[in-house]
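Chemist:
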Amino acid sequence: MPLLEVTGLHLFLRGDQGAVQALRHVSFKLERGHALGIIGESGSGKSLTVQTLMGLQPDNASVTGSILWNGQELVGQSESAWQALRGNRMAMVFQEPMTALNPVHTIGRQVAEPMIRHQGLSRAAALRRATDLLGRVGIPNASARVDDYPHQFSGGQRQRITIAMALACEPDLLIADEPTTALDVTVQQQILDLINDVVAERDMALILISHDLGVISQNVDDMLVMYGGQVVESGPTAALFRHMAHPYTRGLMAARPRLDAPRQPSGKPMDLLTIPGSVPPLRALPRGCTFADRCSFAEQRCFEERPTRVGIPSFQPHEAEYSSLGVHQVRCLRPEAMRPGNTEAWK
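According to my numbering, the stretch in the sequence shown is residues 14 to 360, in order.
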């Protein structure tokens with residue numbers, strides 16, 4: 014049984030001008046000990062998806078579909094049931110370490126709080142364990158700094174503290190929502206290494222959200238590519254990087270800066286390729302494929318028909334051991350245009 018299984022998840026946001034659909038047909042599963050990456054531009058639905066998994070969707074939202082946690086349905090659960098899970102069996106590392114911590118409480122108190130609430134530890138016992146956790150995540154001289162406040166730490170250290178908070182109750186699932194935002198490159202890698210180490214130590218499942226394909230490629234077993242509130246491509250990470258079957262995935266890869274990028278005759282690097290346009294607003298989603306307006310491979314039917322998910326024969330049997338999804342799928346009306354070896358460029 015998967016630790017987490019999401020099927021046909023839809024989310025609607027109600028407003029003065031009616032409801033808009035922010036998530037559509039989101040489906041995936043995740044096994045214990047496996048890592049899932051979610052990638053996409055801002056506004057693609059990444060963060061809203063994981064907020065919904067934790068029951069943290071906006072107050073004006075309504076959710077349909079299924080979220081099974083160890084076989085138990087979470088959609089429609091009471092707030093008290095969600096509170097028993099959040100910070101206990103599932104926990105999140107938020108993307109902005111500068112604002113994720115309460116500035117008026119010591120870091121020791123903030124790391125200890127989940128253990129007092131969910132595990133019934135005394136304040137003294139929780140504080141001792143919090144000190145151990147802070148040392149584990151790399152806070153130097155943790156016993157002397159447990160009574161310090163967030164403003165006394167650097168950005169990288171604050172992110173380590175939020176990781177300690179998330180690990181306090183030894184959750185089954187750790188969600189890291191762009192955990193390296195606003196950190197310099199060397200600190201980014203240290204934070205990612207720390208997350209991978211603690212996930213492996215405790216045999217947890219991991220959901221890692223990023224807009225960086227490089228981060229995703231090196232840190233997860235499976236990945237979802239999201240656009241316009243939908244999963245447009247999904248599958249084992251190795252399979253997706255071997256054959257990117259959706260124009261959006263291929264565009265994200267083409268837009269990455271590369272050290273080995275071709276150069277102009279003058280020696281200057283060639284301009285980066287870009288995906289034209291922007292993610293459409295939720296109130297103005299096109300009738301057909303949500304990516305058609307930005308896609309250089311689009312035909313007339315792409316503007317009129319909504320694609321369904323189809324399987325891609327790029328998955329290799331030996332990869333099954335490392336995959337929760339077990340199949341490579343794409344939501345595209347022209348998957349044959351993305352076949353390996355097609356050199357058609359972005360226009």
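Ideal Cβ placement from N, Cα and C applies to all residues, glycine included.
(1) For Glu54, which three-state DSSP category applies?
(2) With distances taken from CA atoms, which of Pro289, Leu180, Val117 is nearest Asp160?
(3) Rounded to a whole number of angstroms, what is the C-alpha to C-alpha distance between Ile220 and Ser279?
(4) Are three or more beta carbon pairs between the segment 292 to 312 and the segment 32 to 41 nearer than 8 Å?
(5) Run through DSSP, which three-state label would Met283 get?
(6) Which of helix, strand or coil does DSSP assign to Ser12?
(7) Output the boundary residues of the beta strand (DSSP E) element that contains Met105.
(8) Less than 7 Å between C-beta atoms, sequence neighbours within five positions excluded: which residues of the same chain meet that for Gly361?
(9) Specify, as a first and last residue, the run of the beta strand (DSSP E) that Gln202 falls within.
(10) Is Val323 helix, strand or coil when you go by DSSP?
(11) What's the call for Met178, buried or exposed, on a 16-neighbour Cβ count within 10 Å?
(12) Is the segment 248 to 265 in contact with the segment 218 to 234, if contact means three or more CB pairs nearer than 8 Å?
(13) Use the C-beta contact count for His164: other C-beta atoms within 10 angstroms, 16 or more gives buried, fewer gives exposed.
(14) Determine, using beta-carbon pairs with one atom in the segment 168 to 176 and one in the segment 107 to 123, whether at least three such pairs fall under 8 Å.
(15) Mark Pro348 as exposed unless 16 or more other C-beta atoms lie within 10 angstroms of its C-beta, in which case mark it buried.
(16) By a C-beta neighbour count over all protein chains shown, 10 Å radius and 16 as the cutoff for buried, is Val323 buried or exposed?
(17) Sorted by chain position, which residues of the same chain lie with C-beta nearer than 6 Å to Leu134's C-beta, five sequence neighbours on each side aside?
Modeler: From the atom records:
(1) Counted from its first residue, the sequence shown places residue 54 at position 41. Three-state DSSP puts Glu54 in coil, outside helix and strand.
(2) To locate residue 160, count along the sequence shown from 1; it is residue 147. Ranking the options by Cα distance to Asp160, first place goes to Val117.
(3) Looking up residue 220 in the sequence shown gives position 207. Looking up residue 279 in the sequence shown gives position 266. Their Cα atoms are separated by approximately 43 Å.
(4) Using a C-beta cut-off of 8 Å, the segment 292 to 312 makes contact with the segment 32 to 41, since at least three inter-stretch Cβ pairs fall below that distance.
(5) Here residue 283 is taken as the residue at index 270 of the sequence shown, counted from 1. Three-state result, Met283: coil.
(6) No statement about residue 12 is possible, as the shown extent of the chain runs from 14 to 360 and does not include it.
(7) Locating residue 105 in the sequence shown gives position 92, where the first residue counts as 1. Per DSSP, Met105 belongs to the beta strand (DSSP E) from 103 to 106.
(8) Any property of residue 361 remains undetermined from this structure, which presents the chain solely from 14 to 360.
(9) The count along the sequence shown starts at 1 and reaches residue 202 at position 189. Where Gln202 is concerned, there is no enclosing beta strand (DSSP E), although the alpha helix (DSSP H) it sits in stretches over 198 to 215.
(10) Position 310 of the sequence shown, counting from 1, holds the residue named residue 323. Reduced to three states, the DSSP call for Val323 is strand.
(11) Along the sequence shown, one-based indexing puts residue 178 at 165. By the neighbour-count rule (16 or more Cβ atoms within 10 Å), Met178 is buried.
(12) yes
(13) Working through the sequence shown from its first residue, we reach residue 164 at position 151. Exposed: under 16 other Cβ atoms inside 10 Å.
(14) yes
(15) Walking along the sequence shown from the start, residue 348 turns up at place 335. Buried: at least 16 other Cβ atoms inside 10 Å.
(16) Numbered from 1 along the sequence shown, position 310 holds the residue referred to as residue 323. Val323 should be labelled exposed.
(17) For the purposes of this step, residue 134 is taken as residue 121 along the sequence shown, with counting starting at 1. Cβ neighbours of Leu134 beyond the five flanking positions: Met128.
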